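Colleague:
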Amino acid sequence: IGISSKTQEIYLIVFCLRYMDLFLYFISVYNTLMKIAFIAATAFTIYLIRLKKPYCTTYEPLKDSFPHFLYLLPLAGVLTLVIHSDFTVFEMTWSYSVWLEAFAIMPQLYLLQKLGEVENITSNYIVTLGLYRFLYIIHWYCRD
């Protein structure tokens, strides 16, 4: 299908770091359930792509070869150390998740470039990711 498992792995790391507050305090049932749903859905997506037939038969691990653990995770770590608002554990993990999420699309774009063609469903996925980021920016702008 052309969905990068590595992009999903990055999103799983992002959501696990960002939602660590689940263990610290309770906001609401809705908030808790949505955070758990984000983590579970992302983990399930990775499971489908890598292990569950017939979906895993369309996955091409040799083309989905962007070295995300080698480049993106350390780069996000360096940016977190340089640009953050407070030097607390919670703020640093939040900042790291924001930086990592900004780079999460790179393995997906790398895979699409390796495949050489984009199916309609994959292009819709890319547009949806872009729309998500756009709405996320609007949310933070309006919130402040």
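Using this note's numbering, the first residue of the sequence shown is number 6, and each one after it goes up by one. Beta carbons are placed, not taken as given, at the ideal position from N, Cα and C, and that holds for glycine. Quantities reported herein were computed from a predicted structural model and do not represent experimental measurements.
1. Given C147, which residues of its chain have a CB within under 8 Å of its CB, disregarding the five upstream and five downstream residues?
2. Along the chain, where does the alpha helix (DSSP H) containing S100 start, and where does it finish?
3. If you follow the alpha helix (DSSP H) that I131 is in, where does it begin and where does it stop?
4. Please classify S10: does DSSP put it in a helix, a strand, or coil?
5. Under a Cβ-count criterion, where at least 16 other Cβ atoms within 10 Å of its own Cβ denotes burial, should D91 be classed as buried or exposed?
6. Does any residue of chain C have a CB that is nearer than 9 Å to the CB of L86?
7. In whole angstroms, what separates the C-alpha of F71 from that of I44?
8. Can you find the residues in the same chain that come closer than 7 Å, C-beta to C-beta, to F96, ignoring five residues on each side of it along the sequence?
9. Could you check if P112 is buried or exposed, using at least 16 other CB atoms within 10 Å of its CB as the buried criterion?
10. Assuming the contact rule is C-beta atoms closer than 8 Å, L114 and L77 should be a hit. Round their C-beta distance to whole Å, please.
Modeller: Put simply:
1. none
2. 94–108
3. 125–148
4. helix
5. So D91 ends up on the exposed side.
6. Note that chain C does not occur in the displayed structure, where there is just one protein chain.
7. Distance between the alpha carbons of F71 and I44 is about 22 Å.
8. Reading off the sequence, residue 96 comes out as Glu, not Phe. Counting only Cβ-Cβ distances below 7 Å, and skipping sequence neighbours, we find H89, S90.
9. Label assigned to P112: buried.
10. In fact, because the Cβ distance is near 12 Å, the residues do not count as touching under 8 Å.
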